[in-house]
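Structure first, then comments.
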Amino acid sequence: MATVTQPMPGPGRTPVKGSTRVVRLLRGIARPYRNSHGVGRFMLVTGTVLVVLMLLTAVFAPLIATFGFSQVAGADGQRFMNHAEPGAEHIFGTTTQGFDVFSRVVWGARTAVTVVLLALAFSLFLGVLLGLIAGFVGRWVDRVLVMVMDALFALPALLLAIVVAFLLSEYVGGGASTAALAITAVYVPQYFRVVRAATVSAKEQTYVEAARAMGARPATIMFRYLLTNVIQSVPVIATLNAADAILTLAGLGFLGYGIQPTEAAEWGYDLQRAVSDTGAGIWWTGLYPGLAIVLLVMGLTLMGEGLNETMNPAIRVRRLIPISMPELTAAQRTKAAQVPERDRPGQDRPVDTGGEDRNSREPGSGETGKGGAA
Numbered sequence: 001m002a003t004v005t006q007p008m009p010g011p012g013r014t015p016v017k018g019s020t021r022v023v024r025l026l027r028g029i030a031r032p033y034r035n036s037h038g039v040g041r042f043m044l045v046t047g048t049v050l051v052v053l054m055l056l057t058a059v060f061a062p063l064i065a066t067f068g069f070s071q072v073a074g075a076d077g078q079r080f081m082n083h084a085e086p087g088a089e090h091i092f093g094t095t096t097q098g099f100d101v102f103s104r105v106v107w108g109a110r111t112a113v114t115v116v117l118l119a120l121a122f123s124l125f126l127g128v129l130l131g132l133i134a135g136f137v138g139r140w141v142d143r144v145l146v147m148v149m150d151a152l153f154a155l156p157a158l159l160l161a162i163v164v165a166f167l168l169s170e171y172v173g174g175g176a177s178t179a180a181l182a183i184t185a186v187y188v189p190q191y192f193r194v195v196r197a198a199t200v201s202a203k204e205q206t207y208v209e210a211a212r213a214m215g216a217r218p219a220t221i222m223f224r225y226l227l228t229n230v231i232q233s234v235p236v237i238a239t240l241n242a243a244d245a246i247l248t249l250a251g252l253g254f255l256g257y258g259i260q261p262t263e264a265a266e267w268g269y270d271l272q273r274a275v276s277d278t279g280a281g282i283w284w285t286g287l288y289p290g291l292a293i294v295l296l297v298m299g300l301t302l303m304g305e306g307l308n309e310t311m312n313p314a315i316r317v318r319r320l321i322p323i324s325m326p327e328l329t330a331a332q333r334t335k336a337a338q339v340p341e342r343d344r345p346g347q348d349r350p351v352d353t354g355g356e357d358r359n360s361r362e363p364g365s366g367e368t369g370k371g372g373a374a
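Under full-length UniProt numbering, the first residue of the sequence shown carries the number 1, and numbering increases by one thereafter.
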């Protein structure tokens, strides 16, 4: 019996399934940048550049930072000078405790990115899952979840984060995970409400009814048919919430409920320590951490607004593509000149009324006039 051998993949053949998915994912990521234009493109590109710079700073913090975040002495064992002005050895100066400000800012970027990514992952998972279940199942499950989320949403964001951080610090500690969970409690209700509203509207569509008629299980309907259709606006909300999460993290650190100074460098804590330095003319301890917060928040905000203008059909403006008409050749111009003026496009042609113009006749002339005279 002859056996059929499968041809080996080579140049020009269909790519494997995994690479196709990667290419499709990359095209989906690049689509907003291709479709954007004008002010939306400027905001999207500018915000992306700022965010990428902060991400690179966070990833390569051990290579960029000249010292550790809690290091107060050099390799020779000599302690750093307190309140040293920016110079060759310490380009951003030193703090009251002798910490290098530049190193604290660089390590603080890693802390901020880590906490925000963890908080967004937790809040997206919980908010999308609970919103999908509540919108699809309905009944008492929907009522209970809506009541809980409305109660959380009614509290001020910073106050809720402080309460959760205070409760978790006794059991988990004061690390990045505690700050991430505290911020998660703030943003879960937002994703829940958006996904639930979209699910309630989408579950009445024809494709969902067809899936039910074919015997699809509820889990299959939710995660295969509904999920991809109800999270269209979630990336935009996540980008804007990331900017707000940076401010919430800085607020927790400023009030003393964030990451402990022995765990990691945090911009909010550095600002709190720099408050007393401002009156003494020591400006560098608070300027650079505050500037880092502003740049990251501005980058995330511009990126979110640019995505919103590109992906939101309610405010999206279609780009007008200019069309250049080819020039006429000499033969075409000669032929166009021979066309009578009355047959040229755009010329008003007289309407055939089926007889002579009545206004051209004089009163009493013609057959009507003879009949009248008779």
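Note that CB positions come from ideal geometry on N, CA and C, so glycine has one too. Note that the coordinates shown come from a computational prediction; the quantities given were computed from them, not determined experimentally.
Per DSSP, cross-strand counterpart(s) of residue i
i, result
"Asp150", "Its beta-bridge partners do not exist; DSSP assigns none."
"residue 382", "Only positions 1 to 374 of the chain appear in this structure, which leaves residue 382 out of reach."
"Ala73", "Arg79"
Reduced DSSP category for residue i - H, G, I as helix; E, B as strand; rest coil
i, result
"Asp244", "helix"
"Thr94", "strand"
"Ile183", "helix"
"Pro326", "coil"
"Trp107", "helix"
"Trp283", "coil"
"Met214", "coil"
"Ser177", "helix"
"Phe67", "coil"
"Ala121", "helix"
"Pro86", "coil"
"Tyr257", "coil"
"Val23", "helix"
"Gly299", "helix"
"Glu263", "coil"
"Gln332", "helix"
"Val172", "coil"
"Gly135", "helix"
"Arg338", "A quick correction: the sequence has Gln, not Arg, at residue 338. Three-state result, Gln338: coil."
"Leu320", "With a pLDDT of only 49 at Leu320, under 50, the local geometry of the prediction cannot be trusted, and the value read off the model is given with reservation. Residue state, collapsed to three classes: coil."
Enclosing alpha helix (DSSP H) for residue i [first to last residue]
i, result
"Glu204", "Taken as a continuous stretch (DSSP letters only), Glu204 belongs to no alpha helix (DSSP H), as it is neither H nor E."
"Ala165", "157–169"
"Glu272", "For clarity, residue 272 is Gln in the given sequence; the question names Glu instead. Note, Gln272: alpha helix (DSSP H), 267–278."
"Val51", "38–59"
"Thr228", "227–230"
Inter-residue CB distance, residue i and residue j (contact presumed, cutoff 8 Å)
i, j, result
"Ile183", "Tyr257", "No, Ile183 and Tyr257 are not in contact; Cβ-Cβ is about 12 Å, not under 8 Å."
"Ile259", "Thr111", "6 Å"
"Gly253", "Glu266", "4 Å"
"Gly306", "Met81", "Gly306 to Met81, Cβ: 44 Å. No contact."
"Ile231", "Val128", "6 Å"
"Met303", "Val51", "6 Å"
"Asn241", "Gln190", "7 Å"
"Thr199", "Gly135", "3 Å"
"Val208", "Ser233", "Incorrect: roughly 19 Å between the Cβ atoms, too far for contact."
"Val101", "Trp284", "6 Å"
"Ala292", "Ala109", "7 Å"
Residue i versus residue j: straight-line alpha-carbon distance, rounded
i, j, result
"His90", "Val45", "32 Å"
"Thr239", "Leu300", "6 Å"
"Leu320", "Val39", "Any reading at Leu320 must be qualified, since the residue scores a pLDDT of 49, below 50, and its modelled position is unreliable; no value is offered."
"Ala165", "Thr178", "6 Å"
"Gly74", "Val275", "26 Å"
"Thr96", "Trp107", "18 Å"
"Val105", "Ala180", "19 Å"
"Phe67", "Gly251", "26 Å"
"Ala264", "Lys203", "46 Å"
"Leu295", "Ala245", "14 Å"
"Thr206", "Arg139", "22 Å"
"residue 398", "Leu160", "Summary: the structure shown does not reach residue 398, with the chain confined to residues 1 through 374, and so no result is reported for it."
"Val49", "Arg212", "45 Å"
"Leu130", "Met149", "10 Å"
"residue 420", "Leu126", "Nothing about residue 420 can be read from this structure; the chain reaches only from 1 to 374."
"Gly98", "Leu158", "30 Å"
"Gly215", "Gly174", "49 Å"
"Gly47", "Val297", "9 Å"
"His83", "Met54", "26 Å"
"Val141", "Ala219", "16 Å"
"Ala154", "Ser103", "39 Å"
"Pro235", "Asp76", "49 Å"
"Ala65", "Leu117", "22 Å"
"Ala88", "Leu132", "56 Å"
Residue i CB to nearest heavy atom of the ligand ATP below 7 Å
i, result
"Ala182", "What this structure holds is no ligand at all, so the ligand ATP is not there to describe."
Below-8 Å beta-carbon distance, residue i vs any chain C residue
i, result
"Thr184", "The chain labelled as chain C is not found in the depicted structure, where only one protein chain is given."
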